[in-house]
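Asks: Here it is, the structure in full.
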Amino acid sequence: MSSEKNDGRISVIIVSWNVREFLVPCINSIIAKTSFKDYEIIVVDNASSDGTVETVKNRFPSVKLIENGENLGFARACNIGAKKARAKYLFFLNPDTELREKALDNLLSFLEKNMEADAVGAKLLWPDGNYQESYRRFPGTFFSILEVFEFHYYFPGNSLKLCSVYGPKSF
């Protein structure tokens, strides 16, 4: 395999640590809800003790599994997964997430139509379909006070949110 990132359209990177019960539906949703097949799933396990590694090996032999000997933390595990990824695009997915129908298809469509985009985030929904906020305000004392007293509800249009980027359609 060459060292260039060109094997597939997208690498789905999932960091795990004792999340077997969530990881199985997560991986199943990727497989079931993605219409194209040129993607890879990479699970970077941070020394789980709940059988996560064995479950991935037995149930998902096509998943690339990276076993860390210790819990290296989320960010470092993401970087390890990114280094092993072969595709043009990287998609970091939390193990307690399940994709909706054609979520990766829509994500890739947006990226390919908007080549100036360096990063995108998806709209998050709770299992009941309600919107889940996926942004945080810039950290600091001022904004912490606003949140404690719920003043941010009175200024919903302010530009000081760190928020996900959406395409023409939510994906």
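Residues 16 to 186, numbered by the numbering used here, are exactly what the sequence shown covers, in order. Backbone N, C-alpha and C fix where the C-beta goes; we use that ideal spot for every residue, glycine too.
Rounded to a whole number of angstroms, what is the C-alpha to C-alpha distance between N43 and E113?
Replies: If you take the alpha carbons of N43 and E113, they lie about 8 Å apart.
Asks: Only counting the same chain, and skipping five residues up and downstream in sequence, which positions put a Cβ closer than 6 Å to that of F106?
Replies: Around F106: I25, V27.
Asks: Is D60 helix, strand or coil by DSSP?
Replies: The answer is strand: DSSP assigns D60 an E or B state.
Asks: Run through DSSP, which three-state label would S18 get?
Replies: In this predicted model, S18 has a pLDDT of only 43, less than 50, meaning its place in the structure is not dependable enough to derive any value.
Asks: For F107, which residues does DSSP report across the bridge?
Replies: Bridge partners of F107: I28.
Asks: Mind checking who K79 pairs with in its DSSP beta bridge?
Replies: According to DSSP, K79 bridges with I57.
Asks: Does the beta-carbon of N129 have 16 or more other beta-carbons within 10 angstroms, so that it is buried, or is it exposed?
Replies: Flag for N129 reads exposed.
Asks: Could you name the residues that DSSP lists as bridge partners for L140?
Replies: According to DSSP, L140 bridges with Y146.
Asks: Among K117, A62, R74, G144, whose alpha-carbon lies nearest the alpha-carbon of I81?
Replies: Ranking K117, A62, R74, G144 by Cα distance to I81 puts A62 first.
Asks: Count the other CB atoms within 10 Å of the CB of Y146; is the residue buried (16 or more) or exposed (fewer)?
Replies: When all chains shown are included, Y146 counts as exposed.
Asks: Within 10 angstroms of the Cβ of D111, are there 16 or more other Cβ atoms? Answer buried if so, exposed if not.
Replies: By the neighbour-count rule (16 or more Cβ atoms within 10 Å), D111 is not buried but exposed.
Asks: Counting only the same chain and skipping the five closest in sequence on each side, list residues whose C-beta sits under 7 Å from that of P183.
Replies: With a pLDDT of 37 at P183, under the threshold of 50, the modelled position of this residue cannot be trusted; read the value that follows with caution. Here the set comprises nothing.
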